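> Quick note on full-length UniProt numbering: the sequence shown kicks off at 1 and runs consecutively. Beta carbons: idealized from backbone N, C-alpha and C, even for Gly. Everything numeric in this text was worked out from a predicted model, so none of it was measured. Can you read through this structure? Questions will come right after.
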Amino acid sequence: MARGTLAVRDLSVSYGRAVRALRGVSLDVPEGTVTAVLGANGAGKTTLLRAISGTLPFHRGAVDAGTVRLGDRPLTGLSPSAVVAAGVVQVPEGRRVFGRLTVEENLRAGALGARGRRSVDRAGAAESTAAARERVLELFPVLAKRARQRAGLLSGGEQQMLAIGRALMARPAVLLLDEPTLGLAPLMAERIAETIREINLQGTSLLVIEQNAALALELSSAAHVLEVGEVALHGPSAELAGSDEVRRRYLGVS
Ligand code: ATP
């Protein structure tokens with residue numbers, strides 16, 4: 001699988017003629033890191049992830065310019081499944097799990113994303129799907145307990161765990177997380193944050209979008225602030241956490 005830095009260069013995206021959601025956005029997710037994107041509602045955060053994963057709404061959203069690469073592999077213009085097969089997997093906002101399927105079935109569906117790689121080495125791929133499942137159940141033991149339950153009956157936090165677990169079943173090099181702690185109680189949000197650290201320690205790079213700026217800056221090594229479709233600020237997260245502007249605008253410190 002391709003590895004290396006996920007590099008977004010000069011990316012511009014519009015919805016129809018009227019809305020220019022991203023204008024010339026560039027950022028890197030260096031291999032092995034957690035990179036965060038902060039920004040107010042409507043700044044373009046979800047659009048950025050969707051442009052990377054190839055999931056812009058096809059009837060309206062379009063990449064007007066720019067490139068996305070993973071290492072030396074161009075991802076721009078690939079179908080969503082080809083992006084997954086290349087190793088970049090998005091966990092959508094709102095934890096869209098398949099509510100009528102069981103937890104186990106959801107996880108199996110996630111493994112289908114790695115199918116592009118199965119033809120190369122059938123036995124090897126099957127083995128790594130089993131290994132991925134084991135890793136997911138170690139990260140989220142509650143999913144093993146609830147394996148036969150319908151996903152729609154899980155709590156919000158458990159659904160988020162399942163959504164992340166399902167994405168991990170595709171054995172991503174880079175995981176894209178859209179607001180992983182949105183709507184969760186603080187304790188559950190902290191648990192999800194711990195898991196993000198653990199996933200990163202196990203070798204997966206992450207691009208995390210968060211409204212909870214304090215949490216995002218704590219989790220990441222570098223961060224980018226999007227404002228009306230442009231990168232207004234970027235730098236090491238520790239530095240941004242100390243910046244007066246970021247503290248005032250995003251951390252609620254006056
Ligand atoms: P939020 O946190 O509210 O999801 P965001 O930072 O993720 O905000 P986006 O959802 O990427 O922002 O939206 C960026 C801009 O594009 C906004 O002006 C939004 O209204 C617009 N937009 C998003 N999706 C569509 C769409 N399908 N059709 C038209 N405009 C859209």
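Along the chain, where does the alpha helix (DSSP H) containing VAL83 start, and where does it finish?
As a position in the sequence shown, residue 83 is number 83, starting the count at 1. It spans 80 to 85 - the alpha helix (DSSP H) in which VAL83 sits, taken as one unbroken run.
> State yes or no: is the C-beta of ALA185 nearer than 7 Å to some heavy atom of the ligand ATP?
For the purposes of this step, residue 185 is taken as the residue at position 185 of the sequence shown. Checking the Cβ of ALA185 against the ligand ATP gives no.
> Going by the C-beta, is VAL19 closer than 7 Å to any heavy atom of the ligand ATP?
The residue given as residue 19 occupies position 19 in the sequence shown. Indeed, a heavy atom of the ligand ATP lies less than 7 Å from the Cβ.
> Would you call the CB atoms of GLN90 and THR55 closer than 8 Å?
Here residue 90 is taken as the residue at index 90 of the sequence shown, counted from 1. Here residue 55 is taken as the residue at index 55 of the sequence shown, counted from 1. Yes, the pair counts as a contact, with Cβ atoms nearer than the cut-off.
> Considering only heavy atoms of the ligand ATP, does any lie closer than 7 Å to the CB of TYR15?
To locate residue 15, count along the sequence shown from 1; it is residue 15. Checking every heavy atom of the ligand ATP against the Cβ of TYR15, one is found closer than 7 Å.
> Report yes or no: is there a C-beta of chain D within less than 8 Å of the C-beta of LEU182?
As a matter of chain content, chain D is missing from the structure shown, which is built from one protein chain.
> Can you name the residues that DSSP bridges to ASP10?
Start at 1 with the first residue of the sequence shown, and residue 10 comes out as number 10. Note: ASP10 sits in no beta bridge, so no partner.
> Is ASN41 near the ligand ATP, judged by its Cβ being under 7 Å from some heavy atom?
Indexing the sequence shown from 1 puts residue 41 at position 41. Checking every heavy atom of the ligand ATP against the Cβ of ASN41, one is found closer than 7 Å.
> Can you tell me whether DSSP reads ASP121 as helix, strand or coil?
For the purposes of this step, residue 121 is identified with residue 121 of the sequence shown, where counting begins at 1. Note that ASP121 has pLDDT 44, beneath the 50 cutoff, so the model's placement of it is unreliable and no number is given.
> Determine the closest residue to ALA109 out of ALA170, LEU22, PRO30, PRO74, with distance taken between C-alpha atoms.
Translated into positions along the sequence shown, residue 109 becomes position 109. With distances taken between Cα atoms, ALA109 lies closest to ALA170.
> Should THR33 and ALA193 be called a contact, given that it needs their Cβ atoms to be closer than 8 Å?
Within the sequence shown, numbered from 1, the residue matching residue 33 stands at position 33. Within the sequence shown, numbered from 1, the residue matching residue 193 stands at position 193. The answer is no: Cβ separation not under 8 Å.
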